[in-house]
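Student: Mind having a look at this structure? Questions to follow.
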Amino acid sequence: MPRKRLTSTMRQEQILDTTLEIIAEKGLAGVNTSEIAQRIGIVPSALYRHFENKDALIDALLDRTHSILFENVRKISMESSGASKNLRSLFLLHIEFIRKNPGIPKLVFSDAAVFGSPERKKKVIFIVRNYMNKLKEIAEKGIREGDLMNDISSEAVAFSMVSFAQHVGLISNLSDGKIDMSNLAELAWSYIERAIRKDNEKDGR
Numbered sequence: 006m007p008r009k010r011l012t013s014t015m016r017q018e019q020i021l022d023t024t025l026e027i028i029a030e031k032g033l034a035g036v037n038t039s040e041i042a043q044r045i046g047i048v049p050s051a052l053y054r055h056f057e058n059k060d061a062l063i064d065a066l067l068d069r070t071h072s073i074l075f076e077n078v079r080k081i082s083m084e085s086s087g088a089s090k091n092l093r094s095l096f097l098l099h100i101e102f103i104r105k106n107p108g109i110p111k112l113v114f115s116d117a118a119v120f121g122s123p124e125r126k127k128k129v130i131f132i133v134r135n136y137m138n139k140l141k142e143i144a145e146k147g148i149r150e151g152d153l154m155n156d157i158s159s160e161a162v163a164f165s166m167v168s169f170a171q172h173v174g175l176i177s178n179l180s181d182g183k184i185d186m187s188n189l190a191e192l193a194w195s196y197i198e199r200a201i202r203k204d205n206e207k208d209g210r
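Per my numbering, the very first residue in the sequence shown carries number 6; after that it's consecutive.
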């Protein structure tokens, strides 16, 4: 039976997924187009029709990470659960994203991202800042609506969320995924949540 032909978008997603798998196993330095093509079952020239080179793959993975994070924000922002619960939901989604995609921390903390081209560094900074701004907006809405304490810093709330998630990713990266800090990060966030909620009530977990 002939293999079903994938659309261009589906093939690109397959290539990115495979690249992320290799990054998780070998780090970014272990990525090469020949192995990606071999794992997918295509010739290398077919891969180049979608991504010009390794740099293009890295940029596409960063762009996809950005899209996933902001799709999470969009979905959660549509819920009417209140800012504190929405922030918790986003935090848990972020942690789960890291757990399911161990290649992401290795990509974000790689030399190519941290010490790469000025354009790539700007891209990473843009993703982090833009994400923090969205979290800040949710916190500010919570303050206005009386869900969160009115004397807190919405920017500090956003910074705490991103910092906790990044620390989980950093430890996962340094330990090759063997150390999972997500439960501790979730507990730490519950303490912050308890402090910023106006009613100061536990979330009932």
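Backbone N, C-alpha and C fix where the C-beta goes; we use that ideal spot for every residue, glycine too.
Mind reading off the beta-carbon distance from L92 to A161? Whole number of angstroms is fine, and I expect it under 8 angstroms.
Tutor: The pair is not a contact, with the Cβ atoms about 12 angstroms apart (cut-off 8 angstroms).
Student: Work out the CA separation of S86 and L97 for me, nearest whole Å.
Tutor: Each residue's Cα considered, the two are about 15 angstroms apart.
Student: Can you name, in chain order, every residue of its own chain whose Cβ lies under 8 angstroms from the Cβ of D219, other than the five neighbours on each side?
Tutor: Because the chain in this structure spans residues 6 to 210, residue 219 falls outside the shown range and cannot be described.
Student: Can at least three beta-carbon pairs, one atom from the region 103-112 and one from the region 133-153, be found at a separation below 8 angstroms?
Tutor: The region 103-112, when compared against the region 133-153, does not touch it at the 8 angstroms Cβ threshold.
Student: Once you ignore the five residues that flank I157 on each side, which residues in its own chain have a CB closer than 6 angstroms to its CB?
Tutor: Cβ within range, chain order: I201.
Student: Spatial neighbours of D68 within its chain, please: C-beta separation below 6 angstroms, excluding the five flanking residues on both sides.
Tutor: There are no such residues.
Student: Could you name the residues that DSSP lists as bridge partners for R202?
Tutor: In DSSP, R202 forms a bridge with L153.
Student: Excluding the 5 residues preceding and the 5 following L33 in the sequence, name in chain order all residues of the same chain whose CB lies nearer than 7 angstroms to its CB.
Tutor: Excluding sequence neighbours, L33 sits near K111, L112, S115 and A117.
Student: Where M15 and D22 are concerned, what is the direct C-alpha to C-alpha distance, given to the nearest angstrom?
Tutor: So the alpha carbons of these two residues sit roughly 10 angstroms apart.
Student: Could you tell me which of E84, V36 and T38 sits nearest to G147, measuring between CA atoms?
Tutor: Closest option to G147, Cα to Cα, is E84.
Student: Does DSSP classify L112 as helix, strand or coil?
Tutor: Of the three classes helix, strand and coil, the one that applies to L112 here is helix, per DSSP.
Student: Can you tell me whether R10 is helix, strand or coil according to DSSP?
Tutor: Three-state DSSP puts R10 in coil, outside helix and strand.
Student: Using DSSP with H/G/I as helix, E/B as strand and the rest coil, what is E57?
Tutor: Of the three classes helix, strand and coil, the one that applies to E57 here is coil, per DSSP.
Student: Can you list the alpha helix (DSSP H) stretches of 4 or more residues lying completely in the region 150-194, in chain order?
Tutor: Here the runs fully enclosed are 159-179.
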